[in-house]
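Novice:
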Amino acid sequence: MSLLNHSCDPNCVIVFEGTSLQLRSVKKILKGEELTISYIDVKMPTSLRQAQLQRQYCFNCDCHRCLSKDKDEDMLAGDSESSKEMKVSITILEQLNSQDKREEVLNLCKKLLKTSELPDKNIHQLKVLDFAMDSCIFLGMWEEALMFGLRTLKPYSIYYSNYHPVAAVQMMRVGKLQLHQEMFPQAIETLKQAYEIMKVTHGKGHSLTQDLTELLRDCEMGLR
Ligand SMILES: C[S@@+](CC[C@H](N)C(=O)[O-])C[C@H]1O[C@@H](n2cnc3c(N)ncnc32)[C@H](O)[C@@H]1O
């Protein structure tokens, strides 16, 4: 595993199953083609990905995404004064979150989102939505958690467009919130989408995929 090089559009992912690491392909791989993984979160514009790769791994990435600045336009959509304020606030959110001050995190998220003119696909706004969803879950505010979670799904599908474990887990969380609120048809739809990704990224036998299958079973029971 330590011989795998990085790509911002990798053909493999690494997932944990208990104490073991699994390398799984997420694309068709031709004979002789190099296997790659992503060392970093790919949900970042080119300049930030490159800076992190340089800082942590001391190399300049020249993958096709970096060369074409793929998805940068979406990630930075609406970037302006309003996103500058959000960027500064994200540092504060990270600090508050690390101190488990979830109510303060949620209040700041709500304040930022109320006045924001950014689209949800803007990566700063998306980060705030993620913080808001996580805080609501922590505080047991299920309806609001679902509202924030739903807003993340479209941007996640843009940025994790190939099979990606993060997209599968996010969909599973949203589906679980829908199930919790007895929105059975919606939950089935979301969980089935998560399953389609997870059977590739984690495999059908993975414990998380099996948890997902259980949730789908609960939905079917709820419908009856
Ligand atoms: C875990 S090692 C990968 C294996 C390494 N290439 C080797 O031959 O042993 C990580 C290092 O590989 C190099 N590397 C990985 N991905 C790269 C890439 N896309 N472009 C250039 N160098 C890369 C960098 O020097 C990085 O610090």
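Under UniProt numbering, the residues of the sequence shown are numbered 1 to 224, in order. Quick reminder that beta carbons are idealized off the backbone N, C-alpha and C, glycines included. Quantities reported herein were computed from a predicted structural model and do not represent experimental measurements.
Can you list, in chain order, the residues of its chain whose CB lies under 6 Å from that of Met171, leaving out five sequence neighbours each side?
Specialist: Here the question's residue 171 lines up with position 171 in the sequence shown. Within its own chain, the residues whose Cβ lies closer than 6 Å to the Cβ of Met171, once the five positions on either side in sequence are excluded, are Thr190, Gln193 and Ala194, listed in chain order.
Novice: Quick check: is any heavy atom of ligand 3 less than 8 Å from the C-beta of Asn60?
Specialist: Ligand 3 is absent from the structure shown, which contains only ligand 1.
Novice: Which residue from Asp9, Gly222, Leu35 and His180 puts its Cα closest to that of Lys43?
Specialist: Position 43 of the sequence shown, counted from the start, is the residue given in the question as residue 43. Closest option to Lys43, Cα to Cα, is Asp9.
Novice: Given Gln181, which residues of its chain have a CB within under 7 Å of its CB, disregarding the five upstream and five downstream residues?
Specialist: Start at 1 with the first residue of the sequence shown, and residue 181 comes out as number 181. Cβ within range, chain order: Trp142, Glu143 and Leu146.
Novice: Within the region 125-210, note down every full alpha helix (DSSP H) run reaching 4 residues or more, in order along the chain.
Specialist: 142-159, 165-180 and 184-201
Novice: Would you kindly report the start and end of the unbroken alpha helix (DSSP H) that includes Cys17?
Specialist: Here the question's residue 17 lines up with position 17 in the sequence shown. Here residue 17 turns out to be Glu, not Cys, going by the sequence shown. Segment Cys12 to Glu17 is the beta strand (DSSP E) holding Glu17; no alpha helix (DSSP H) there.
Novice: If you run the structure through DSSP and keep just helix, strand and coil, what is Arg55?
Specialist: Here the question's residue 55 lines up with position 55 in the sequence shown. It is helical.
Novice: Would you list the residues sitting across from Arg24 in a DSSP beta bridge?
Specialist: Within the sequence shown, numbered from 1, the residue matching residue 24 stands at position 24. DSSP links Arg24 through a beta bridge to Val13.
Novice: Would you say Thr91 touches ligand 1, meaning its beta carbon is less than 8 Å from a heavy atom?
Specialist: As a first step, residue 91 must be located in the sequence shown, where it is residue number 91. Distances taken from the Cβ of Thr91 to the heavy atoms of ligand 1 include none shorter than 8 Å.
Novice: Roughly how many angstroms lie between the CA atoms of Glu17 and Ser207, to the nearest whole one?
Specialist: Within the sequence shown, residue 17 is the residue found at index 17, counting from 1. Within the sequence shown, residue 207 is the residue found at index 207, counting from 1. Rounded to whole angstroms, Glu17 to Ser207 spans 7 Å at the Cα level.
Novice: For ligand 1, any of its heavy atoms closer than 8 Å to the Cβ of Ser7?
Specialist: As a first step, residue 7 is located in the sequence shown; it is residue number 7 there, counting from the start. Answer for Ser7: yes, Cβ within range of ligand 1.
Novice: Report whether the distance from the Cβ of Tyr163 to the nearest heavy atom of ligand 1 is below 8 Å.
Specialist: Translated into positions along the sequence shown, residue 163 becomes position 163. Checking the Cβ of Tyr163 against ligand 1 gives no.
Novice: Taking the alpha-carbon positions, what's the Leu129 to Pro119 distance?
Specialist: Taking the sequence shown and counting its residues from 1, the one referred to as residue 129 is at position 129. Taking the sequence shown and counting its residues from 1, the one referred to as residue 119 is at position 119. For Leu129 and Pro119, the distance between alpha carbons rounds to 11 Å.
Novice: Report back the beta-carbon spacing between Tyr159 and Lys71 to the nearest angstrom; my notes put them in contact at under 8 Å.
Specialist: For the purposes of this step, residue 159 is taken as residue 159 along the sequence shown, with counting starting at 1. For the purposes of this step, residue 71 is taken as residue 71 along the sequence shown, with counting starting at 1. Between Tyr159 and Lys71, the beta carbon gap of about 6 Å places them in contact (Cβ cut-off 8 Å).
Novice: Heavy atom of ligand 1 less than 8 Å from the Cβ of Cys109, yes or no?
Specialist: In the sequence shown, the residue the question calls residue 109 occupies position 109. Because no heavy atom of ligand 1 lies under 8 Å away, the Cβ of Cys109 does not count as near it: no.
Novice: With which residues is His6 paired in a DSSP beta bridge?
Specialist: Mapped onto the sequence shown, residue 6 falls at position 6. Within the DSSP secondary-structure output, His6 pairs in a beta bridge with Ile37.
Novice: Quick check: the Cα distance between His164 and Ile188, rounded to an integer number of angstroms?
Specialist: Translated into the one-based positions of the sequence shown, residue 164 becomes position 164. Translated into the one-based positions of the sequence shown, residue 188 becomes position 188. Near 20 Å, if we compare the C-alpha coordinates of Ile188 and His164.
Novice: What span of residues does the alpha helix (DSSP H) with Gly98 cover, start to end?
Specialist: Against the sequence shown, residue 98 aligns to sequence position 98. Here residue 98 turns out to be Ser, not Gly, going by the sequence shown. Looking at the DSSP string, the run of the alpha helix (DSSP H) that includes Ser98 is Glu81 to Ser98.
Novice: When you compare only the Cα positions, how much space is there between His124 and Glu214?
Specialist: Looking up residue 124 in the sequence shown gives position 124. Looking up residue 214 in the sequence shown gives position 214. Near 34 Å, if we compare the C-alpha coordinates of Glu214 and His124.
Novice: Check this for me: beta carbons of Ala77 and Asn122, under 9 Å apart or not?
Specialist: Here the question's residue 77 lines up with position 77 in the sequence shown. Here the question's residue 122 lines up with position 122 in the sequence shown. For Ala77 and Asn122, yes; Cβs fall inside 9 Å.
Novice: Rounded to whole angstroms, what's the CA-CA distance from Gly203 to Ser68? Just pull it up for me.
Specialist: To locate residue 203, count along the sequence shown from 1; it is residue 203. To locate residue 68, count along the sequence shown from 1; it is residue 68. Those two C-alpha atoms are separated by around 31 Å.
Novice: Taking just the CA atoms, how far does Arg224 sit from Val166?
Specialist: Mapped onto the sequence shown, residue 166 falls at position 166. Mapped onto the sequence shown, residue 224 falls at position 224. Taking the straight line from one Cα to the other gives about 31 Å.
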